[in-house]
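Student: Sharing a structure here in structure tokens format.
There are 2 protein chains.
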Amino acid sequence: MQGFIHNDTVFKESILMRAIVPFKRERAKSRLSPVLSGEERSGFAHAMLRDVLCALSGSGIRIDILTTSVSGAMQVNAKNVVVCELGLNDALNQYLDSMVAHSEIEPVIILMADLPLATEEHISEICSRDSDVVIVPGKRGGTNVLFLKDPSRFRVDYYGTSFLDHMRIAKDAGMSIEVFDSYMLSTDIDEPGDLIEVLIHGKGEAAGYLRNLGFEVCADNDRVELRRRGNG
Amino acid sequence: MQGFIHNDTVFKESILMRAIVPFKRERAKSRLSPVLSGEERSGFAHAMLRDVLCALSGSGIRIDILTTSVSGAMQVNAKNVVVCELGLNDALNQYLDSMVAHSEIEPVIILMADLPLATEEHISEICSRDSDVVIVPGKRGGTNVLFLKDPSRFRVDYYGTSFLDHMRIAKDAGMSIEVFDSYMLSTDIDEPGDLIEVLIHGKGEAAGYLRNLGFEVCADNDRVELRRRGNG
């Protein structure tokens, strides 16, 4: 795949579709800096990534982690790690182009790496839909999951109101679209308040990571707040 | 029903279940005051209520609006309006008690009135679940929809982390529980940023109300913001 470096194990099972998980390693989750140190943010980002990989692993499909740097250890079990130093949109579109160039046109599911409430059932339900494109909206017009039956007909356009942009791109290409309505998948973790959702609904590594750091949810009257034990 | 005043039409259709929609009229949606005037907040709250009633109306079930005051016109078509000056939990539990006292034990769905993204399909799906209790979580541990197959066995406990409280109440009562995973139903509208969700995903009266006031969603680079035309 031109412009990419592959490392780790390349899975050899018969591939009917594949998953791409973009994962930002540098300055990962910087908006969590009011409550997590740099090392903790990195640890937490990897824990969330492992939750996402766990949700995907049940499907038996090939999983490619798309990341921007080879430096530092990836704290995940052997997966295909694809390194591309482009921005998110260019990296993903180059990835999709290279699939087409290699005549590897198969359905693709693109999941963000900060969706620790994702489950196997979500993935299975999304991938079994009939529509050409399935979109899981995130907060404020974001796109958290994108399923493309034929990636050769689609260009991604993340950032801003990407949900609306992706709906329009699919419509312009004459592709059928379905919005997948899930609170758990809409919950991407960016800000300290989002950690409350992980603690309340999470059952995976990210929730365990936060609990081990002493985080808990406190409800005083109508205020629900994040608190860290032993941290003032 | 002791302690309650009924007005408007009492529906006579055969009742297999009923819906309760608590609706706060005084100081409704006060956290939207940075972007909406008092009159606009009231108008918007009624528009959201009408969206919720529209989602419920397809099911053909009896709908009771539970509200705290008889003053001021209710800007909705004739429905059962139940007035109770107690707080939310006491009012709902008194309502459930009075059902039991009148041997009117039938399934109940309690929907908050600030869920303008609710649809008929949501209601139909929730009410067709097999579990004794179906809970739709809101943000930060809230409960946005509660379906009780047998309301005589359940006491509501809203505010704080009511999602966790309701899960525990159902478990303690030996009732089977299901979490209904929906972004659209998790989106209760409290703060200015929430209006973005209404504008992006809404198809009902609340979205129309905001658009008529000149609200729109603007995406500048990665920032997605609410803007009001002609308002500086």
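Sequences listed follow chains G and X, in order. Counting the first sequence from 1 gives a position; the numbering used here is that position plus 3. Counting the second sequence from 1 gives a position; the numbering used here is that position plus 3. A virtual CB, placed ideally from N, CA and C, is assigned to each residue, including glycine.
1) If you follow the beta strand (DSSP E) that Ile180/G is part of, which residue opens it and which one closes it?
2) Do we get a CB-CB distance below 8 Å when we pair Thr164/G with the residues of chain X?
3) Taking the straight line between their C-alpha atoms, what separation do you get for Pro25/X and Ser72/X?
4) Anything in the stretch 162–187 of chain G with a Cβ closer than 7 Å to a Cβ of chain X? List those residues in chain order, please.
5) Any C-beta of chain X within less than 7 Å: which residues of the stretch 147–161 of chain G qualify?
6) Are there 16 or more other CB atoms within 10 angstroms of the CB of Pro154/G, so buried, or fewer, so exposed?
7) Applying a beta-carbon distance threshold of less than 8 Å, which residues of chain G neighbour Pro140/X?
8) Hey, could you find the ends of the beta strand (DSSP E) Cys87/X is sitting in?
9) Does Asn215/X come within less than 8 Å of chain G when only Cβ atoms are used?
10) Applying the criterion that 16 or more other CB atoms from any shown protein chain within 10 Å of the CB defines a buried residue, is Lys142/G buried or exposed?
11) Kindly indicate if chain X contains any beta-carbon less than 8 Å away from that of Val227/G.
12) If the criterion is Cβ atoms closer than 8 Å, does the pair Ser189/X and His125/X meet it?
13) Below 8 Å, how does it come out for the stretch 51–58 of chain X and the stretch 121–139 of chain X: are there three or more Cβ pairs, yes or no?
14) By DSSP, does Val201/G sit in helix, in strand, or in coil?
15) Within a Cβ cutoff of 8 Å, which residues of the same chain sit near Ile108/G, ignoring the five residues on either side of it in sequence?
16) Distance, Cα to Cα, Ala147/G vs Ala94/X?
17) Run the CB neighbour count on Gly233/G, radius 10 Å, all protein chains shown included, and call it buried at 16 or more, exposed below.
18) DSSP on Leu114/G, reduced to helix/strand/coil?
19) Would you mind reading off the limits of the beta strand (DSSP E) that contains Asn147/G?
20) What are the uninterrupted segments assigned as beta strand (DSSP E) that are 3 or more residues long and contained completely in the stretch 40–72 of chain X, given in chain order?
21) Since Asp160/G is in the beta strand (DSSP E), which residue starts that stretch and which ends it?
22) What residue range does the beta strand (DSSP E) around Ala22/G cover?
23) Going along chain X, which residues have a C-beta under 8 Å from Ile192/G?
24) Starting from Glu214/G, follow the alpha helix (DSSP H) in both directions and report where the run begins and ends.
25) Under the rule that 16 or more other beta-carbon atoms within 10 Å means buried, what is Leu19/X, buried or exposed?
26) Return the CA-CA distance between Ser62/X and Ser127/X, expressed in angstroms with no decimal places.
27) By Cβ distance below 7 Å, which residues in the same chain neighbour Pro195/G in space, the five residues on each side in sequence not counted?
28) For Glu181/G, which option in Lys82/G, Val84/G, His169/G has the closest C-alpha, if you only look at C-alpha atoms?
29) Using C-beta distances below 6 Å, list every residue in its chain close to Glu200/G, excluding the 5 sequence neighbours before and after it, in chain order.
30) Could you tell me the distance, in whole angstroms, from the CA atom of Asp133/X to the CA atom of Val111/X?
31) Just the C-alpha distance for Lys206/G and Asp100/G, rounded to the nearest angstrom, thanks.
32) Leu229/X lies in the beta strand (DSSP E); which residues open and close that run?
33) From Thr70/X, Leu167/X, Met115/X, pick the residue whose C-alpha is nearest to that of Leu202/G; which is it?
34) Alpha carbon to alpha carbon, how far is Asp193/G from Arg226/X? Give it in angstroms, no decimals.
35) Pull up the CB-CB distance for Tyr212/X and Ala50/X, whole angstroms please, since I reckon it's below 8 Å.
36) Is it right to say Ser131/X is buried, meaning 16 or more other beta carbons lie within 10 angstroms of its own, or is it exposed?
Tutor: The short version:
1) 180–182
2) yes
3) 12 Å
4) Tyr162, Gly163, Thr164, Phe166, Leu167, Asp184, Ser185, Tyr186, Met187
5) none
6) buried
7) Tyr186, Ile203, His204
8) First-last for Cys87/X: undefined, no H or E at that position.
9) no
10) buried
11) yes
12) no
13) yes
14) helix
15) Met102, Asp153, Pro154, Ser155
16) Checking the displayed sequence, the identity of residue 147/G turns out to be Asn instead of Ala. Each residue's alpha carbon lies about 39 Å from the other.
17) exposed
18) strand
19) 146–151
20) 65–70
21) Segment: none, Asp160/G is in no beta strand (DSSP E) and carries neither H nor E.
22) 21–26
23) In chain order: nothing, as chain X lies at least about 13 Å away.
24) This sequence places Arg at residue 214/G; Glu is not what is there. Segment 208–215, the alpha helix (DSSP H) holding Arg214/G.
25) exposed
26) 7 Å
27) Leu35, Pro37, Val38, Leu229
28) His169/G
29) Thr190
30) 14 Å
31) 36 Å
32) 226–231
33) Leu167/X
34) 14 Å
35) 4 Å
36) exposed
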